[in-house]
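*Asks:* Residue numbers (my numbering): 19 to 262. We treat Cβ as the ideally placed atom computed from N, Cα and C, and that holds for glycine. Have a look at the structure that comes next, please.
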Ligand code: ZN
C-alpha cells in the first residue's frame, strides 16, 4: 500500500527545548517519525548526549508516540566547525558582530542541516521535514526566517525532484507559547498526566545552554543562566508560569 501523503516526517532534533517540542508535535501529527542530529564540533556537545536521553524518556513515558518513533540518525558534520569561526564552535566570548548578528551565528548551518535532512528524507522516503526555527524570539539569524525556509523547500523539492514540505510549528510563537504547546501536546498524547509529564521531561532532560553547563538546575532547567540561550529559555519559562 502506498503511504498517504504527509504522514511521515523527519525531525531536526538537537536535544534542545525547541526541537523536543517539534518532535512531540510530529509524533502527535504523523504516523512515522524519524530524527536527525548533527555533530559539528559544537561547544555544547552535551546536547548530543541529552538527545539520546530525551528520545529514551519520550519512548518510556508516551507509548502511543513510542510506536511511531523510528530510527535516529546522527551525522558527523565536523567540516562545519572547520569553515566557521563562531562562538558556538570556538572558545570565544559571545558578542554582537559589526553585521548586527551575534557571533553565535554559524553561517549556512541551517541551510546545510536542511539539505542533509532532505537527502536522508529522500532515502528514507519521509515527506515532511520538521524544524524548530522561529522568527518571533529569534536572535536575528537570517537562516531561521520563514522566507529562508520557503526558499529551501522550493530549492530542495526542485533539486531532488521530490515534493518536500518544511513544517515549522514554532515559527510565529514565542517561548512562553512553546511551553504551552508542549503542555497541550503531552495532554493530547493520551498518556496519563501527559501534559505535566512532557513539561517535566523537557525541563529535566533537554539542553539549551551554549556553554554546555549542566551542573546548575534552575526552575527552567539546566544551564549557566547567563548565555543568550539560557536567558531566552529562562525568560520564556517565567512568562509561561506568570500566565497560568
Ligand atoms: Zn547558558
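Report, in whole angstroms, the separation of the C-beta atoms of residue 77 and residue 49, which I expect to be a contact under 8 Å.
*Replies:* With 8 Å as the limit, residue 77 and residue 49 do not qualify as a contact, their Cβ atoms being about 16 Å apart.
*Asks:* Assuming residue 149 contacts residue 132 under a Cβ cut-off of 8 Å, what Cβ separation, rounded to an integer in Å, is found between them?
*Replies:* Residue 149 to residue 132, Cβ: 7 Å. Contact.
*Asks:* Please state the DSSP three-state secondary structure of residue 224.
*Replies:* Three-state result, residue 224: coil.
*Asks:* Going straight from the alpha carbon of residue 125 to that of residue 161, what length do you get?
*Replies:* Distance between the alpha carbons of residue 125 and residue 161 is about 8 Å.
*Asks:* Decide if residue 193 is buried, meaning its Cβ has at least 16 other Cβ atoms within 10 Å, or exposed.
*Replies:* It counts as buried.
*Asks:* Please look up how many angstroms separate the CB atoms of residue 183 and residue 24, rounded, as I've assumed it's under 8 Å.
*Replies:* 6 Å between Cβ atoms; contact.
*Asks:* Can you tell which of 164, 147, 53 and 144 has the C-alpha that lies nearest to the C-alpha of residue 153?
*Replies:* The shortest Cα separation from residue 153 among 164, 147, 53 and 144 belongs to 164.
*Asks:* Starting from residue 194, trace the alpha helix (DSSP H) in both directions and tell me its first and last residue.
*Replies:* Unbroken alpha helix (DSSP H) run through residue 194: 193 to 206.
*Asks:* Work out the CA separation of residue 29 and residue 40 for me, nearest whole Å.
*Replies:* Using only the alpha carbons, I get a separation of about 7 Å.
*Asks:* According to DSSP, is residue 31 part of a helix, a strand, or is it coil?
*Replies:* Correct three-state label for residue 31: coil.
*Asks:* Return yes when at least one heavy atom of ligand 1 lies under 7 Å from the C-beta of residue 228, else no.
*Replies:* Result yes, Cβ under 7 Å from ligand 1.
*Asks:* In the region 215 to 261, which residue ranges form an unbroken alpha helix (DSSP H) of at least 4 residues, counting only runs that do not cross its ends?
*Replies:* Taking only runs of at least 4 residues, the alpha helix (DSSP H) segments lying wholly in the region 215 to 261 are 246 to 261.
*Asks:* From which residue to which residue does the beta strand (DSSP E) around residue 56 run?
*Replies:* That run of the beta strand (DSSP E) goes 50 to 57.
*Asks:* Measure the C-alpha to C-alpha separation of residue 90 and residue 191 and round it to an integer number of angstroms.
*Replies:* Cα to Cα, residue 90 sits roughly 27 Å from residue 191.
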